[in-house]
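Q: Can you read through this structure? Questions will come right after.
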Amino acid sequence: MCDDTQIQALLDEIRSSDTTPLLRRKALSRLLLCIQRSPKLRRSRHPDYGHALSLTLERVCRAIDEFSPRSASISTDLMNWVNGYLDGRIRDLRNPDTKIKELHRPDREERQIKQEFGGVVLLDQSIGEDGNPTSLGDLTPDPRQDMTLLESWIQALQQAQKQRIGRDIHRYMAADPDAILQGCHPGQFSECHCQALIQRLHLSEPPETRRAIAQDFGIPEQTLYSHWRNKCLPLLQIIALRFDTQVIEFLQSAEAQALGNCHPPEQIPCNCLDVAKRLLLSEPPESMGAIARDLKIKESALAKHWHSECLPRLKKHRL
Amino acid sequence: MRMFPECYLPNCTLIFWNSTMNTMELTGLPIPLSQDAFESAAQFAAEQASPGKGKRVYLNTLAVCAVRTYLNWLELNTNLAEGDCWQPGLRAVLDVADLVLPGVGRLECRPVLPGATTMTIPLEVAQDRLGYVAVQFHEQLDAVDLLGFVRGVPLAEDDAPAEPMSVPLNDLLPLDSLLDVLHPGLAIVNLREWLMGQFRHPEWRSPEALITSHRTMRSGSRNTTGGSFSVPPDIDAQINSVSRAKAIEFQSLDKQVVLVVQVISITTEDNTLNVRLRLYPDSSSDQLPRNLQITVLDERGEIIVDSRPKSGSGWTEVELCDCLPGDRFSVRIALGDDSRTEEFCI
């Protein structure tokens, strides 16, 4: 808890005409810390109290210059000022006429997860038949026993989804129907292809270490690291984007034509629109290497252009 | 930069400089989680292939929303939608919790479970980041604490990590460091500017404001400290020196310690600087407190030099020699488990 002297010093810093934006934000941050550590801060058990408190602290930062202490205790005055605004936001939460009531209301299970989060995560408790967490010693052969309460709840959410991009991508990677993952491997180490690495690094729980995989394949560690970083990870991202319906719709829209203007100097065929279409829309998928050969450009140069210029534009434009 | 072992200077008397900015460590800032954040987290988790992946996405999403809330309070502009974690395909294949500040860069907001002692940085987010904010969840899933920050460092191909990195929470920098990174140019104390008479940080004061005895702390020329910065006799060199001081306060200690930083430029062919970092007790004592430790860390948070004063010492000093333009380092002053960190660049 902060005393009057500390709060006065922070307010002086915040209000000083000499202070820089950086120092003002540092002082504001400390003031927010003081407010939230104060036992006088109004609390509520309302499920969206966090929203009300967040609005209040935002208001503190915006309107701190309007705060004027009236009594001998600046800390008491500050907390009264904060609580005055917070009370209003908590009333908003309870007012059926405000749009707040439209917000999502957590169900019983979600509320339980939130209340017992620390315990269930740390102790890896699972749900008993009565819906209560059970201790590790009480576990039954329930197939959910290895899951935390949170994971069980998420599993139920997942099962309620008709289409799940995560599952679709994982199935694609596991099957590799176009053999683009199996076809990407370092030199003579044909078994150390991207599909095998994704399987062992991304699809297994817990993931294996790269060192162990390198030993297993008899491949130099550095070769494996470079292959994973420079080939498999970018390939993984391209596959992920191919499943992203918003990206695909954007690329097929007139709006995407602007990407055609972004290309390395003197290399118009390497423009982002054409490269993106070839990487993300082609069937079967074209590889970066094949496109580079076709465009008579080094694969590393094309990959760099894709990552530094095309991908950021694509992400920004499709949103 | 090259390091020299600690050496000792005669005692000098200091006066207090009290600063709230300096005494209140900016760590563990609570951030409430809103229903909007929970809704996004649940929606994103539901898209995933497995419950385990769903949980990671859920916590990543909440961590990003929490950091965004904090930056929004401070009127720092963010764009959630530009982050990889907001792209359905990318979050399905990467363990990513990024938050874009348009025109500034990309922060990574790493979730830390209750009771955990380390923050994990997955390989896929080891590059292209301003830094990593540790976001620790409360026992009840209604709020988080922003614990601290680690700077991101551009890595050469050969230096890129081969396995996920684990950062002990004790090694995190305070949130001041995060704000410094988001205000480039104003952020870190630039020691070369001191030599040009530019002092942007008011908390760093002239030693005359803190030190009652001027005998050993004269600015503008090389003083007779008996340190290691000797000039070879065959070099016709000009020596320029500036010192600034800052009082460091610990809650567990009823006294302060004072950090005096002396920047010494020996003008030769190269453009290096030497930096001398000294800790003194306050005027109420002639000895440094027990359990005090001064540690200099490089940009990656690795220890460059680490020194504890001997029992009964009146002061202690570490020296960094041949610091090159662009070098960055931080100085951690620890008293037991409590620590303060200052950051510098050359």
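Respectively, the protein sequence lines represent chains A and B. Just remember that our numbering sits 1067 ahead of the position in the first sequence, which is counted from 1. Just remember that our numbering sits 5 ahead of the position in the second sequence, which is counted from 1. Think of the CB as a built atom: it goes at the ideal place given N, C-alpha and C, for glycine as much as any other residue.
Curious, which full-length alpha helix (DSSP H) runs of at least 4 residues does the stretch 1104-1166 of chain A contain?
A: The stretch 1104-1166 of chain A contains these whole alpha helix (DSSP H) runs: 1116-1130 and 1141-1161.
Q: Do residue 140(B) and residue 116(B) have their beta-carbon atoms positioned less than 9 Å apart in this structure?
A: Here residue 116(B) corresponds to residue number 111 of the second sequence, with the count starting at 1. Here residue 140(B) corresponds to residue number 135 of the second sequence, with the count starting at 1. In contact: residue 116(B) and residue 140(B) (Cβ atoms closer than 9 Å).
Q: Could you check whether the Cβ of residue 1118(A) sits closer than 9 Å to any Cβ belonging to chain B?
A: In the first sequence, the residue the question calls residue 1118(A) occupies position 51. True, the Cβ-Cβ gap to chain B drops below 9 Å.
Q: Residues in the same chain with beta-carbon distance under 6 Å from residue 105(B), minus the five sequence neighbours each way, listed in chain order, please.
A: In the second sequence, the residue the question calls residue 105(B) occupies position 100. Within the same chain, residue 105(B) has close Cβ partners 84, 87, 88 and 111.
Q: Determine the direct distance from the alpha carbon of residue 1312(A) to that of residue 1112(A), and round the result to whole angstroms.
A: Within the first sequence, the letter at position 45 stands for residue 1112(A). Within the first sequence, the letter at position 245 stands for residue 1312(A). So the two alpha carbons sit approximately 40 Å from each other.
Q: Considering only C-alpha positions, which residue in the set 99(B), 171(B) and 134(B) is nearest to residue 125(B)?
A: Within the second sequence, numbered from 1, the residue matching residue 125(B) stands at position 120. Of the candidates 99(B), 171(B) and 134(B), the one whose C-alpha sits nearest the C-alpha of residue 125(B) is 171(B).
Q: Who are the near neighbours of residue 1354(A) in its chain, counting only those whose CB is closer than 7 Å to its CB and skipping five residues on each side?
A: To locate residue 1354(A), count along the first sequence from 1; it is residue 287. So the qualifying residues of the chain are 1247.
Q: So what does DSSP say about residue 1229(A), is it helix, strand or coil?
A: Along the first sequence, one-based indexing puts residue 1229(A) at 162. Three-state result, residue 1229(A): coil.
Q: Using the Cα positions of residue 1314(A) and residue 98(B), report the straight-line distance between them to the nearest angstrom.
A: Within the first sequence, residue 1314(A) is the residue found at index 247, counting from 1. Within the second sequence, residue 98(B) is the residue found at index 93, counting from 1. C-alpha separation (whole angstroms): 16 Å.
Q: DSSP has residue 354(B) in a bridge; who is on the other side?
A: Because chain B spans 6 through 351 in this model, residue 354(B) falls outside it and cannot be assessed.
Q: Does any CB atom of chain A fall closer than 9 Å to the CB of residue 58(B)?
A: Residue mapping note: residue 58(B) aligns to position 53 of the second sequence, counting from 1. Judged by the 9 Å Cβ criterion, residue 58(B) is in contact with chain A.
Q: Find out if the Cβ-Cβ distance for the pair residue 1(B), residue 283(B) is shorter than 9 Å.
A: Outside the modelled stretch of chain B, which goes from 6 to 351, sits residue 1(B), for which no answer is possible.
Q: Would residue 245(B) pass as a contact of residue 270(B) if the rule is Cβ separation under 9 Å?
A: Looking up residue 245(B) in the second sequence gives position 240. Looking up residue 270(B) in the second sequence gives position 265. Yes. Within cutoff.
Q: I need the DSSP call for residue 2(B), collapsed to helix, strand or coil.
A: Shown here, chain B extends from 6 to 351; a query on residue 2(B) therefore has no answer.
Q: At the level of alpha carbons, what is the spacing between residue 43(B) and residue 1352(A)?
A: The residue given as residue 43(B) occupies position 38 in the second sequence. The residue given as residue 1352(A) occupies position 285 in the first sequence. Cα to Cα, residue 43(B) sits roughly 36 Å from residue 1352(A).
Q: If we ignore side chains and look at the alpha-carbon of each, how far apart do residue 251(B) and residue 1356(A) end up?
A: Reading the second sequence from its first residue, position 246 is the one you call residue 251(B). Reading the first sequence from its first residue, position 289 is the one you call residue 1356(A). Each residue's alpha carbon lies about 57 Å from the other.
Q: Please list, in chain order, the chain B residues whose beta carbon lies closer than 8 Å to that of residue 1128(A).
A: Taking the first residue of the first sequence as 1, we reach residue 1128(A) at position 61. Per Cβ cutoff of 8 Å: 78, 79 and 80.
Q: According to a CB-to-CB cut-off of less than 8 Å, which residues of the stretch 1337-1360 of chain A neighbour chain B?
A: Listed in sequence order: no entries.
Q: To the nearest angstrom, how far is it from the Cα of residue 1015(A) to the Cα of residue 77(B)?
A: There is simply no residue 1015(A) to check, as chain A begins at 1068 and stops at 1386 in what is shown.
Q: What distance in whole Å lies between the Cβ atoms of residue 1295(A) and residue 1342(A), which are believed to be in contact at a cut-off of 8 Å?
A: Here the question's residue 1342(A) lines up with position 275 in the first sequence. Here the question's residue 1295(A) lines up with position 228 in the first sequence. Contact doesn't hold; Cβ gap of about 23 Å is too wide.
Q: I think residue 74(B) touches residue 153(B), with their Cβ atoms under 8 Å apart; what is that distance to the nearest whole Å?
A: Within the second sequence, the letter at position 69 stands for residue 74(B). Within the second sequence, the letter at position 148 stands for residue 153(B). So it is not a contact: roughly 17 Å between Cβ atoms.
Q: Report the CB separation of residue 119(B) from residue 1218(A) in whole angstroms; it is logged as a contact under 8 Å.
A: Taking the first residue of the second sequence as 1, we reach residue 119(B) at position 114. Taking the first residue of the first sequence as 1, we reach residue 1218(A) at position 151. No, residue 119(B) and residue 1218(A) are not in contact; Cβ-Cβ is about 16 Å, not under 8 Å.
Q: Does the beta-carbon of residue 296(B) have 16 or more other beta-carbons within 10 angstroms, so that it is buried, or is it exposed?
A: Taking the second sequence and counting its residues from 1, one reaches residue 296(B) at position 291. Result: exposed.
Q: Can you find a CB in chain D that lies within less than 9 Å of the CB of residue 202(B)?
A: Annotation note: the requested chain D is absent from the structure, which comprises protein chains A and B.
Q: Kindly list, in the order they appear in chain B, the residues whose Cβ is closer than 7 Å to that of residue 1224(A).
A: Start at 1 with the first residue of the first sequence, and residue 1224(A) comes out as number 157. Within chain B, the residues near residue 1224(A) are 47, 50 and 51.
Q: Against chain A, which members of the stretch 104-137 of chain B pass a CB distance test of less than 8 Å?
A: Against chain A - using a Cβ distance shorter than 8 Å - the residues of the stretch 104-137 of chain B are 118, 119, 120, 128 and 129.
Q: How about residue 1260(A): is its C-beta nearer than 9 Å to some C-beta of chain B?
A: In the first sequence, residue 1260(A) corresponds to position 193, counting from 1. No, residue 1260(A) does not count as interfacial toward chain B.
Q: In chain order, what residues of the same chain have a beta carbon less than 8 Å from the beta carbon of residue 1288(A), not counting five sequence neighbours either side?
A: The residue you call residue 1288(A) lines up with position 221 of the first sequence. For residue 1288(A), where only same-chain residues beyond five positions count, the Cβ hits under 8 Å are 1277, 1278 and 1281.
Q: Leaving out the 5 sequence neighbours to the left and right, which residues in its chain are closer than 6 Å to residue 224(B) when beta-carbon positions are compared?
A: On the second sequence, position 219 is the one that residue 224(B) refers to. For residue 224(B), the pLDDT reaches just 31, beneath the cut-off of 50, and the residue's location in the model is therefore unreliable, although a value from the coordinates is still provided. Excluding residues within five positions, the ones whose Cβ falls inside 6 Å are 247 and 248.
Q: Just list the residues that DSSP pairs residue 84(B) with in beta bridges.
A: Residue 84(B) sits at position 79 when you count from the first residue of the second sequence. Residue 84(B) is bridged to 105(B).
Q: Excluding the 5 residues flanking residue 81(B) on each side, which residues of the same chain have their C-beta closer than 7 Å to its C-beta?
A: As a working mapping, residue 81(B) is identified with position 76 in the second sequence. Same-chain partners within the cutoff: 106 and 187.
Q: Does DSSP put residue 351(B) in a helix, in a strand, or in coil?
A: Taking the first residue of the second sequence as 1, we reach residue 351(B) at position 346. Reduced to three states, the DSSP call for residue 351(B) is coil.
Q: Here's a check: name, in chain order, each residue in its chain whose Cβ is nearer than 6 Å to the Cβ of residue 1180(A), leaving out the five neighbours to either side.
A: Against the first sequence, residue 1180(A) aligns to sequence position 113. Hits under 6 Å: 1216, 1217 and 1220.
Q: Report buried or exposed for residue 308(B), applying the criterion of at least 16 other Cβ atoms within 10 angstroms of its Cβ.
A: Counted from its first residue, the second sequence places residue 308(B) at position 303. Classification of residue 308(B): exposed, given that the 10 Å Cβ count is below 16.
Q: When DSSP builds the beta bridges, which residues end up paired with residue 312(B)?
A: Numbered from 1 along the second sequence, position 307 holds the residue referred to as residue 312(B). BP columns for residue 312(B) point to 299(B).
Q: Check residue 113(B) in the structure and name its three-state DSSP category.
A: Position 108 of the second sequence holds residue 113(B). Residue 113(B): strand per DSSP, three-state reduction.
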